[in-house]
Amino acid sequence: MLHTFVAYVEDLPGVLTRVASLFRRLNININSLTVGRSERSGLSRLTLVCEASAEAGDRIRASLFKLENVVDVDDIAQAPAVTRELALIKVATTPQNRSQIFDLVEVFRARIVDLTSESLMIELTGVESKIEGLIEVLREDEGRILEICRSGKMTMRRGHHLSSVVRAMDAGLAEPADQPPDAPEDSAAGELE
Amino acid sequence: MGTYATTQASNAHLTTPTRLTGAEILWATLVGEGVTDVFGYPGGAILPVYDALRKFPIHHTLVRHEQGAAHMADGYSRASGKVGVAIATSGPGATNLVTGIATAMLDSIPIVCITGNVSSKVLGTDAFQEVDITGITLPVTKHNFLISRAEDIAPAVRYAFQIAKSARPGPVLIDITKDAQQATALFDYEAARPRPHRDHPMRKFEDSSLACAAELIRSAKRPVILAGHGIIESGAMEQVRTLAERAQIPVGLTLLGLGAFPASHPLNMGMMGMHGEAWVNHAIQEADLLIACGMRFDDRVTGTLATYATKAKKIHIEVDPAEINKNVKVDVALVGDLSEVLEQLLPRIPGRDGSAWLKTIASIKGDAAVRDIKNLPDSGHLYAAHVIHDIWRITGGNAIVVTDVGQHQMWEAQYYHHEQPRSLITSGGLGTMGFALPAAIGAKFARPDKEVWVIAGDGGFQMTAAELATIVQEKIKINIAVINNGYLGMVRQWQEFFYERNYEATPMVSPDFVKLAAAHGIQGLTVRTRAEVAEAVNAARSAPGAFLLNFKVEKEDSVYPMVSTGSALHEMIRRPGKDSLVESPDDK
């Protein structure tokens, strides 16, 4: 099954290698990985998607936690969450087909972010299928797509959710284990809030 | 072991912030962490550190190969429970540590390895003796550091010690660039203290799980405790013993668990697994409850997983959440420090009558004692089992025995009965040949009061035999028993059983080990018959210095019982009842 892990990691050299190395060792291919700054200074947030057996989820999460630079890990599993991907697509244009592409962009609620006489760049945000959809339509005209750049998936649980670990860090507590564990069930309750 | 100039200045560093070089900061921090002995080998990129050593009350043992340094730090840690420290230079010095680091990783041993590296300005340029050692050791360390500023050294070292010791212990490597060793910084030991250790968030043993475990133990008819290395690392010997005695539960041990539960205890069944005692494996397969304490269901103790203890419910008490349900699905997981968990669990365990089950196990033992090679009369042949049994008998079981890897290691586990934790030092997880001699040197430094024996095969001994010179240079007393059968014995045994006796690359020519020892200035004796064993062991013990015994044992003996790979735990190859090798008129 597809696993989605969201992790807070220290913003230091080599941390990404440690995370990636864990999956390499398990011979698991990382389907998608996005990393960026989080709401906390010194901490990056990453979303990692991989294919692994259903039982592997707990062990991967436990192993990620064992990495010294990993502060928190959430296994999104089937919990209600918002997942988005950003794509930049550069398309070759002629004066004849330009308006046709404009229509497509409109339908997909994408944006044109660069335009020259020979090409234009589309920015599209959405779920994977939406991005795949636009790319598919653009591909109907051979040679029209010049470049595609996709961000990989970013995931955030729906509703109010904050992990026990991060809560403990905020409270300046040394022992996060004293906090109630954040079971995946939390999220369902969070969604109603 | 040498005298050190304990200067007042070296201690003053710990209380008063002082400006020091990075090299001095390293030693001062190690002193602060309680380090008294390190094992290492100098080289260009670590020279500033060596230059500063004379100012600090730390004894440095010069090894003959950096692998030896890592094993010594490892043996030091296993014998004492303290953190062992190894030092090496950049490049080949650092890469030579890797086998020793991996050995410590697989057996969860807390060591800290310090390597020098080229100056930070040339990092990544393939400078002379530059290697990416943090990259290389990433999968075989709990954590590692690349330090390029003098002010980062003290916090990294203190953090490294915390990581090495906390939760499930393991090795940590600190790579320090040469310019960081040479630069100066304000050294403030207190300020370098790491943030408090954060428990793994998945570590938990809540009331409901404890109640569930207690209920399983109460209602079990055929329970078995599986005792592992975690008992020793957690210091839970008393709690496990209380559990076993109160609920009358027999105990089977893993290789690294030997010593965690007294061998002479009536509830101790012995070692389980591939070369475990037959009755232990049968008991596990017949059990209706397994209580796994600080062990990880390694493939060497389970046999084929599909047929492993299928009738048993399983309680797993383990500090590392990543071990839960890894190999064996468990019914109750209590994730936490073993002694803490057992302290919570024990009040819920009432006394229990286990006599019926203990009687069943006694009957499973059956003719095992008859098959036991050590009980056969002397037929003129010398068996490793005799040698090890005699060493046990003569040392009163009180020695620290450090083994290498192979047949002799399994015979040691079977015939040397360990009453105390940390009295057997052996590479279990990685199975590192060449481990014994250097690890024994480390053990002797950790416990100079103890009698230390190396038991090694002729193959493994030759891998690190150069450390004999280290023994002489350090003037330490270690007794060495080489179980010499002229083969890489365990591999030969596999060839005999599974490769139609095709003894490819296993017959081995060795030097005369007694002469080799003599060349180092170490006394020795060759032993060929059973009658000579006791006298030779006594000669070694009473000699003032290190002593080597070269035991020329039966060439093609095998370790029994054996669970071959792919077999169920109870499907063991047993010692043939009438072994042609031991047949003689006396046998009747």
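Residue numbers (the working numbering), protein chains in the order written: chain A, 1 to 193; chain B, 194 to 781.
Note that CB positions come from ideal geometry on N, CA and C, so glycine has one too.
Through-space distance from residue j to residue i, alpha-carbon basis
| i | j | result |
| --- | --- | --- |
| T4 (chain A) | I554 (chain B) | 48 Å |
| R434 (chain B) | L43 (chain A) | 45 Å |
| D186 (chain A) | T758 (chain B) | Because D186 (chain A) sits at a pLDDT of 41, beneath the cut-off of 50, its placement in the model cannot be relied upon, and the point is left open. |
| H206 (chain B) | I251 (chain B) | 15 Å |
| G452 (chain B) | G428 (chain B) | 12 Å |
| A711 (chain B) | L448 (chain B) | 33 Å |
| D372 (chain B) | V315 (chain B) | 10 Å |
| L482 (chain B) | C149 (chain A) | 55 Å |
| W472 (chain B) | K552 (chain B) | 12 Å |
| M701 (chain B) | D651 (chain B) | 8 Å |
| I369 (chain B) | A263 (chain B) | 17 Å |
| H390 (chain B) | V107 (chain A) | 53 Å |
| N568 (chain B) | P443 (chain B) | 24 Å |
| S21 (chain A) | N310 (chain B) | 23 Å |
| P387 (chain B) | F354 (chain B) | 10 Å |
| E533 (chain B) | V598 (chain B) | 33 Å |
| V726 (chain B) | V256 (chain B) | 31 Å |
| N672 (chain B) | A736 (chain B) | 9 Å |
| N678 (chain B) | K745 (chain B) | 6 Å |
| I28 (chain A) | F65 (chain A) | 17 Å |
| N461 (chain B) | P235 (chain B) | 46 Å |
| R271 (chain B) | P364 (chain B) | 12 Å |
| L617 (chain B) | R158 (chain A) | 54 Å |
Minimum Cβ-Cβ distance from residue i to chain D less than 8 Å
| i | result |
| --- | --- |
| E55 (chain A) | Here chain D cannot be found, since the structure's protein chains are A and B. |
Minimum Cβ-Cβ distance from residue i to chain A less than 8 Å
| i | result |
| --- | --- |
| M626 (chain B) | no |
| M488 (chain B) | no |
| T327 (chain B) | yes |
| N677 (chain B) | no |
| H336 (chain B) | yes |
| P641 (chain B) | no |
| L436 (chain B) | no |
| L331 (chain B) | yes |
Cutoff 8 Å: residue i Cβ touching any chain B Cβ
| i | result |
| --- | --- |
| R59 (chain A) | yes |
| F102 (chain A) | no |
| A79 (chain A) | no |
| A177 (chain A) | Confidence in A177 (chain A) is poor, its pLDDT being 43 and thus under 50, which makes the residue's placement too unreliable to answer from. |
| A7 (chain A) | no |
| A62 (chain A) | yes |
| E244 (chain A) | Outside the displayed span of chain A (1 to 193) sits residue 244 (chain A), for which this structure offers no information. |
Cβ-Cβ distance between residue i and residue j below 8 Å
| i | j | result |
| --- | --- | --- |
| I367 (chain B) | I329 (chain B) | no |
| M465 (chain B) | I477 (chain B) | yes |
| L12 (chain A) | I30 (chain A) | no |
| A349 (chain B) | I304 (chain B) | no |
| N69 (chain A) | V113 (chain A) | no |
| E697 (chain B) | Q686 (chain B) | no |
| S457 (chain B) | E612 (chain B) | yes |
| N743 (chain B) | G717 (chain B) | yes |
| L535 (chain B) | R723 (chain B) | no |
Near the ligand NAD: residue i beta-carbon under 7 Å from a heavy atom
| i | result |
| --- | --- |
| H253 (chain B) | Inclusion of the ligand NAD in the displayed structure is not the case, the ligand content being empty and no account of it being possible. |
- Message: Tell me which residues of the region 13-46 of chain A have at least one Cβ-Cβ distance to chain B shorter than 8 Å, keeping chain order.
- Response: Going along the region 13-46 of chain A in chain order, one finds P13, G14, T17, R18, S21 and R25 with a Cβ nearer than 8 Å to chain B.
- Task: Could you list the residues in the region 348-361 of chain B with a C-beta less than 9 Å from some C-beta on chain A, going in chain order?
- Result: Cβ contacts with chain A come from Y352, I356, A360 and R361.
- Segment contact, 8 Å Cβ cut-off, at least three pairs: the region 502-510 of chain B with the region 637-652 of chain B: Short answer: they don't touch.
- Interface positions of the region 519-530 of chain B facing chain A (Cβ-Cβ less than 8 Å), listed along the chain: Result list: K519.
- Quick one: any contact between the region 579-593 of chain B and the region 224-237 of chain B, if contact means 3 or more CB pairs under 8 Å? Under the 8 Å Cβ criterion, the region 579-593 of chain B does not count as touching the region 224-237 of chain B, having fewer than three qualifying pairs.
- Between the region 515-526 of chain B and the region 55-72 of chain A, do three or more beta carbon pairs fall short of 8 Å? Output reads yes: the region 55-72 of chain A touches the region 515-526 of chain B.
- Message: When you compare the region 283-296 of chain B with the region 256-270 of chain B, are there three or more beta-carbon pairs, one atom per stretch, that lie closer than 8 Å?
- Response: Short answer: they touch.
- Message: Can you pull out the residues from the region 366-397 of chain B whose beta carbon lies closer than 9 Å to at least one beta carbon of chain A?
- Response: Listed in sequence order: R388, P389, H390, R391, D392, H393, P394, M395, R396 and K397.
- chain A contacts made by the region 466-489 of chain B, where a contact means CB separation under 8 Å: Interface annotation for the region 466-489 of chain B against chain A: empty, criterion Cβ-Cβ distance under 8 Å.
- Message: Any contact between the region 122-134 of chain A and the region 79-88 of chain A? By contact I mean 3 or more CB pairs, one from each, below 8 Å.
- Response: Cβ pair count under 8 Å is three or more, so yes.
- Query: Listed in chain order, which residues of the region 496-518 of chain B have Cβ atoms closer than 8 Å to some Cβ of chain A?
  - Reply: Answer set for the region 496-518 of chain B: D513, P514, A515, I517 and N518.
- Task: Give a yes or no on contact between the region 271-284 of chain B and the region 396-416 of chain B, applying the rule of three or more CB pairs nearer than 8 Å.
- Result: Contact annotation: the region 271-284 of chain B does not touch the region 396-416 of chain B, with fewer than three C-beta pairs closer than 8 Å.
- Message: Which residues of the region 64-98 of chain A have a Cβ closer than 7 Å to any Cβ of chain B? Give them in chain order.
- Response: For the region 64-98 of chain A, residues whose beta-carbon sits nearer than 7 Å to a beta-carbon of chain B comprise F65, K66 and E68.
- Message: Across the region 413-420 of chain B and the region 570-583 of chain B, are there enough close Cβ pairs to call them in contact, namely three or more that are closer than 8 Å?
- Response: Remark: fewer than three beta-carbon pairs, one from each stretch, lie closer than 8 Å, so the region 413-420 of chain B and the region 570-583 of chain B are not flagged as touching.
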